[in-house]
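A.B. asks:
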């Protein structure tokens, strides 16, 4: 890394140039575009140096080669995460995570192997003290804005205490990143009344009821979309299934419209006419607009993107990392979790 | 009930006239409309006789009063199911379930208190021998037709063996009611590979792998909509949350379109123009089109509807009950479950 001791406080973001189905092309182009939009941070690209330089040249990008960090190996999409990070210490994911661990960088962004990114973030960067399980959230557009859903896939078979941690971290994220003043929190359940959840949800309900968070009780699947609640917590198994189901909805709609168009010429004409309008309306459902998802609870900024990330998605991931840095998100989570842990110790 | 010993084999369907937010109006009108569409069954209305007669008169319906079975009480929407069915033996739900239990009727249809309908069906009508837990399924429209999702709310904290039972029952339902020739089955999970589920899903995977069912392995949330699989099994907690989330999607879309319309006059005009087309396309997402959901695994036909059921939804529920009768669904489930139980005993 270049010596820039004069700019110690400037945010440093590392992007995995080899991460994603269309890497290094999309990762490099997207990262450099983010850098060009806001030069208020240092961008590092980690990966095979020669490949990265080829992409830069091919796309006529301007990027200082001193900010490329060579990493010879790539953790492929199908590889077993924990084995891969052990066996490939010079892979872009491991090298990137280490830079954050060693405080040489503030954020690491990758659209590569999701499991490997999670393992590297949790095992290499490490958890914030007091966090039992880091979490990945989803920002789901709804009638009033956004619903922040935790967890959507960092862990399955979560314990009730993990759902409380998700609520603490989700509250900070919704407040700082979403501008929600006093985020309301709900436990995802089969009904609104107390006791309507499964065992884990019911115990989490009790923990949240006794916390200082703005807990509104149980919420149902529909409430994610109706805007009744800002932050929803659930086991990662439920959240992940829900998220993937939701992501398939726009595709289903497209199909239903096409089927309708086939049946009737007038409908077909109307659909052609309205296509761009529909696209605009559905824009907020498009994950590319949101960029990747941060892994909250690790001791640094870690943003994980879809394998199919476009350059635009990568750009948004980098800008999100920058905003998380500006908002001191990691520090605020650490503080809030520690306050809760102290409270717990006090009462014991 | 009228003496019609000459017609012992004719299907007898009992409709809870007092069930639903708009009862007895919607229940009575919907049931009589179903009867007028196909007179090939006997329709019984259970509830407060005087109220039922008022609705019949008010709507100028023609219905033989001898087919009204008086039940003085109503289990209200908010009541605790098990307590209510104990304390109100002369409620429409208990009376209706008893008629099926006593083989005086083949099917019971209600849009009343869902929990009470489930309890009455399970405790009064009783389970088919070998069924550990009855299940409610959802028919979710997708790119290729329909995905049958079990369980969506009959029970939470299901055991792996219950998911196998759901698969057996769901296979018969998809085949007989949906015309799917050899329904494929998937376990809802966080990834396609073996071991990607939570504990219950992973154990269910093993049970299904060793069954004679057309098991294709784990499926993800998106596969419910992509049409990759015909029958998906999961714990009722997950299924219920997913179903309610899905039901809120059309509302969200409506909202997104309205927001888009507000921003731009041309978009607004296009949306007005295309409204009926969109409505047609979204028709298959409308639960009213599907009617209520059957509780599979009980020893008779039990169909449970939304509290907000329209007359059309009630009509469809009654016609569904009739089709289940014609297809001998209860008998076929009994046979299939017993074959599996025997196999299990053989191998022990």
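Residue numbers (the UniProt record's numbering), protein chains in the order written: chain S, 1 to 348; chain W, 1 to 348.
The beta-carbon is built from N, C-alpha and C at its ideal position, and this holds for glycine as well.
Computed from a predicted structure; not experimentally measured.
Please state whether DSSP places residue 245 of chain S in a helix, a strand or coil.
C.D. replies: helix
A.B. asks: Across which residues does DSSP place residue 215 of chain W in a beta bridge pair?
C.D. replies: W:185
A.B. asks: Taking all protein chains shown into account, decide if residue 39 of chain W is buried (16 or more other Cβ within 10 angstroms of its Cβ) or exposed.
C.D. replies: exposed
A.B. asks: For residue 227 of chain S, which of W:251, W:230 and W:97 has the nearest alpha-carbon?
C.D. replies: W:251
A.B. asks: Taking Cβ-Cβ distances below 8 Å as the criterion, which residues of the region 228 to 259 of chain S are in contact with chain W?
C.D. replies: 234, 235, 236, 237, 238, 240, 241, 242, 243, 244, 245, 246, 247, 248, 249, 251, 252, 253, 255, 256, 257 and 259
A.B. asks: Quick one: is residue 21 of chain W buried, meaning 16 or more other Cβ sit within 10 Å of its Cβ, or exposed?
C.D. replies: exposed
A.B. asks: If the cut is a Cβ gap below 7 Å, which residues of chain S does residue 157 of chain W touch?
C.D. replies: 198 and 199
A.B. asks: Does residue 193 of chain S come out as helix, strand or coil in the three-state DSSP assignment?
C.D. replies: coil
A.B. asks: With a threshold of 8 Å, establish whether the CB of residue 56 of chain S neighbours any heavy atom of the ligand FAD.
C.D. replies: Inclusion of the ligand FAD in the displayed structure is not the case, the ligand content being empty and no account of it being possible.
A.B. asks: Mind pulling the beta strand (DSSP E) runs of 3 or more residues that sit fully within the region 97 to 175 of chain S?
C.D. replies: 107 to 110, 135 to 142 and 145 to 150
A.B. asks: Give the DSSP-derived three-state secondary structure of residue 80 of chain W in the structure shown.
C.D. replies: coil
A.B. asks: Determine the chain W residues that contact residue 145 of chain S at a beta-carbon separation under 7 Å, and present them in chain order.
C.D. replies: Per Cβ cutoff of 7 Å: no residues; residue 145 of chain S is ~11 Å from chain W at best.
A.B. asks: Give me the Cβ distance between residue 84 of chain W and residue 116 of chain W, rounded to the nearest whole Å; I'm assuming they're in contact under 8 Å.
C.D. replies: Confirmed, Cβ separation roughly 5 Å.
A.B. asks: Could you tell me the distance, in whole angstroms, from the CA atom of residue 341 of chain W to the CA atom of residue 130 of chain W?
C.D. replies: 7 Å
A.B. asks: Restricting to Cα atoms, I'd like to know which of W:23, W:44 and W:201 is closest to residue 77 of chain W.
C.D. replies: W:23
A.B. asks: For residue 75 of chain S, would you say it is in contact with chain W, using Cβ-to-Cβ distances shorter than 9 Å as the test?
C.D. replies: So, not an interface residue.
A.B. asks: In chain order, what residues of the region 101 to 126 of chain S put their CB closer than 7 Å to some CB of chain W?
C.D. replies: none
A.B. asks: Taking Cβ positions, are residue 245 of chain W and residue 163 of chain S nearer each other than 9 Å?
C.D. replies: no
A.B. asks: Expressed to the nearest angstrom, what Euclidean distance is found between the alpha-carbon atoms of residue 346 of chain W and residue 338 of chain W?
C.D. replies: Any answer about residue 346 of chain W is weak, because its pLDDT of 49 lies below 50 and its placement is not dependable; what the coordinates show is given next. Cα-Cα distance, rounded: 12 Å.
A.B. asks: Taking the C-alpha atoms as reference points, what is the distance between residue 98 of chain W and residue 135 of chain W?
C.D. replies: 20 Å
A.B. asks: For the region 257 to 268 of chain S against the region 170 to 184 of chain S, are there 3 or more C-beta pairs whose distance is under 8 Å?
C.D. replies: no
A.B. asks: Output, in chain order, the set of chain W residues within a Cβ distance shorter than 8 Å of residue 153 of chain S.
C.D. replies: 190
A.B. asks: I'd like to know whether the C-beta of residue 137 of chain S is nearer than 9 Å to at least one C-beta of chain A.
C.D. replies: Here the protein chains are S and W, and chain A is not one of them.
A.B. asks: Starting from the beta carbon of residue 350 of chain W, find every residue of chain S whose beta carbon is closer than 9 Å, and list them in chain order.
C.D. replies: Nothing about residue 350 of chain W can be read from this structure; chain W reaches only from 1 to 348.
A.B. asks: Mind checking whether residue 125 of chain S and residue 298 of chain S have CB atoms under 9 Å apart?
C.D. replies: yes
A.B. asks: Would you decide whether residue 92 of chain S is buried or exposed? Buried here means 16 or more other CB atoms lie within 10 Å of its CB.
C.D. replies: buried
A.B. asks: What residues in its chain sit with their C-beta under 8 Å from that of residue 229 of chain W, if we drop five residues either side in the sequence?
C.D. replies: 147, 184, 185, 186, 216, 219 and 223
A.B. asks: Quick one: Cα of residue 195 of chain S to Cα of residue 202 of chain S, how far?
C.D. replies: 6 Å
A.B. asks: Looking only at its chain, what residues have a beta carbon closer than 6 Å to the beta carbon of residue 61 of chain S, apart from the 5 residues adjacent to it on each side?
C.D. replies: 32
A.B. asks: Distance check for residue 322 of chain S and residue 206 of chain S, CA to CA, integer angstroms please.
C.D. replies: 36 Å
A.B. asks: Going by the CB atoms, is the gap between residue 296 of chain S and residue 170 of chain S shorter than 9 Å?
C.D. replies: yes
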